[in-house]
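To start, the structure under review is shown below, and the notes come after it.
Residue numbers (my numbering): 17 to 638.
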């Protein structure tokens, strides 16, 4: 029962840290060092390919194994007065709990007494807080030296190991921090041979525990939480037992403080045992961000949405990867979200909450056929809960919008089982009318493709040069009108360009398909300057835009998106050679851009020798 109390103490502290770290991500403050990515300042952990081995010191911590305290994605570290105060508060609490933990272990190991833990915490708190400050300063120094010159960081880490017995000496010998610090290096060298086998056993045990991190959420958090608290406590207890025995042999003992003894009762023991599974459940709940639902008040507004993504389209290749076009899809996409009224000019610094999104996720479908199993990847509709903290940003024209790139957003673990871990980014237009969400595999960097229109109204993703089909954007709005759709496409085309005139007619066909008169005129002028013979009606941008978008009037959204998708796929604008007008060196071809009211033909000539574009004729102008 003595060990069970200590295991409950450790698990309670770890669950509390998970809750605080989750709150920090939600409200925008970091908790040092628990929200740091892959800590490397303790000097005792080794990481390789996601597997970690370490020696638990002072009390077991998930941080030792580089196991995140939450499944929420932290985004950028956020510092300030709140982060400082919370971090200091956590360090103070950790020092108190460490005194409780080591004092409780000492009482049981040396005298088989169940000592009062709070009394232990008060007795050793002062020296433990000094040790925590010392350790933090040295860790920051290691980090700084590692940035300046890596070997310096390793030298300081090794030096810190010689002082690692300090907290144990404080508790076992009831001496001050300074006395323990002075004795630590000498005793570390003296007892190294005795402690080395236990250290090797600890490395093996933590290797096994670290494998549990690969379990599906939330078990990848809950199982290590329980197993490491148990195994780590046994290992630290054995370390203190061996260290106490060596100190006794060397005459290094000192009298115990009058802490008293706790007499256990059956009811208390039963409650303590019951707390273990309860803490596992609570830890899984907080690690998944479930406790953030307590801050959700009021009803949510439901918006319909459409999906769009990039692909290796013909125009993407023809423009030397400089021109992006989209594939569009309609389905039963919905977003339920609670936002403040942004239409009255109020622009809060941050937006935060939990949204419910109905969208698609790629999942593996396994079908058994006798002794063989067929695995297919299919998009499955799911409703996911997404935590978001959107930070106010300034668009190119000075308008405001809200983005999770500088904040955070995470898919809360649920019943869905995607093919691979997924991340999410969100943005909200300054007036709150347009909400965009991008879903993509966690292993990819979204910064290269996450683009926002000049006025901050629309998400206009760029095309990844490696994996464009893995980035899926969703656009939710109360006004799914053709006008907004064409505005998004026009904003996207402002970022497009063509690096070569060869096959430039494909970019022209895409711009016409998307009803963007500005891009049509720009492409025609670029062709003329490059020496291409252009035959086209002498229309300005407005006339082209009105003509092209007018062809979609009266057409339903589904049909409009089907036609717009042709700009973002392969084989939509296949050229047909006009044999009667071609010869051995020059080919004359014709493509047709489809619209609800018919086709717009584009006839072009190009060299069969080097592929150079020679002329373009739009609408068969004579």
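Using N, Cα and C, we set each Cβ at its ideal position, and we do this for glycine too.
CA-to-CA distance, residue j to residue i, given in whole angstroms
i           : j           : result
residue 259 : residue 396 : 57 Å
residue 54  : residue 82  : Confidence in residue 54 is poor, its pLDDT being 31 and thus under 50, which makes the residue's placement unreliable; the coordinate value appears in the next sentence. Cα to Cα, the separation comes out at about 6 Å.
residue 392 : residue 379 : 8 Å
residue 546 : residue 517 : 7 Å
residue 488 : residue 177 : 48 Å
residue 615 : residue 589 : 12 Å
residue 329 : residue 619 : 21 Å
residue 502 : residue 565 : 8 Å
residue 377 : residue 321 : 15 Å
residue 207 : residue 187 : 17 Å
residue 18  : residue 124 : 7 Å
residue 60  : residue 88  : Any answer about residue 60 is weak, because its pLDDT of 35 lies below 50 and its placement is not dependable; what the coordinates show is given next. For residue 60 and residue 88, the distance between alpha carbons rounds to 26 Å.
residue 106 : residue 74  : 16 Å
residue 286 : residue 350 : 47 Å
residue 65  : residue 223 : Low local confidence applies: a pLDDT of 44 at residue 65 is under 50, so the model's placement there is unreliable, and no value is given.
residue 297 : residue 244 : 16 Å
residue 515 : residue 385 : 50 Å
residue 402 : residue 102 : 25 Å
residue 519 : residue 607 : 12 Å
residue 609 : residue 522 : 10 Å
residue 21  : residue 77  : 16 Å
residue 306 : residue 323 : 28 Å
residue 131 : residue 193 : 22 Å
residue 435 : residue 486 : 12 Å
residue 249 : residue 70  : 14 Å
residue 43  : residue 549 : 59 Å
Status (buried if at least 16 other CB within 10 Å, exposed otherwise) for residue i
i           : result
residue 499 : exposed
residue 174 : exposed
residue 62  : Low per-residue confidence applies at residue 62: pLDDT is 37, beneath 50, and the placement is therefore not dependable, though the value from the model is reported in the following sentence. Its Cβ having fewer than 16 others within 10 Å, residue 62 is exposed.
residue 199 : buried
residue 360 : exposed
residue 147 : buried
residue 80  : buried
residue 556 : exposed
residue 29  : buried
residue 310 : exposed
residue 100 : exposed
residue 95  : exposed
residue 213 : exposed
residue 551 : exposed
residue 417 : buried
residue 535 : buried
residue 68  : buried
residue 48  : buried
Distance cut-off 6 Å: residue i Cβ against heavy atoms of the ligand FAD
i           : result
residue 531 : Among the ligands in the structure shown, none appear at all, so the ligand FAD cannot be discussed.
Whether residue i touches residue j by CB criterion (7 Å)
i           : j           : result
residue 603 : residue 596 : no
residue 221 : residue 23  : no
residue 509 : residue 532 : yes
residue 493 : residue 449 : yes
residue 468 : residue 480 : no
residue 240 : residue 257 : no
residue 406 : residue 367 : yes
residue 687 : residue 455 : The first residue shown for the chain is 17 and the last is 638, placing residue 687 beyond what the model contains.
residue 46  : residue 110 : no
residue 425 : residue 442 : yes
residue 478 : residue 340 : yes
residue 196 : residue 182 : yes
residue 252 : residue 72  : yes
residue 444 : residue 451 : yes
residue 586 : residue 346 : no
residue 312 : residue 370 : yes
residue 35  : residue 302 : yes
Sequence-distant residues of its chain with Cβ nearer than 6 Å to residue i (five each side left out)
i           : result
residue 133 : 116 and 120
residue 571 : 612
residue 135 : 275
residue 291 : 24
residue 394 : 381
residue 219 : 69
residue 524 : 539
Cβ neighbours of residue i in the same chain (closer than 7 Å, five flanking residues each side left out)
i           : result
residue 268 : 189
residue 447 : 358 and 359
Nonlocal neighbours in the same chain, by C-beta distance under 8 Å from residue i, ignoring five residues either side
i           : result
residue 568 : 498, 531, 576, 579, 611 and 612
Quiz item: Which ranges would you report for the beta strand (DSSP E) in the region 384-470 if only whole runs of at least 3 residues count?
Solution: 388-410, 416-427, 438-445 and 450-457
Quiz prompt | Within the region 309-345, ranges of the alpha helix (DSSP H) (whole runs, at least 4 residues) | solution = 330-334
Exercise. Run through the region 189-221 for me and flag every whole beta strand (DSSP E) of 3 or more residues, listed as ranges in chain order.
Key: none
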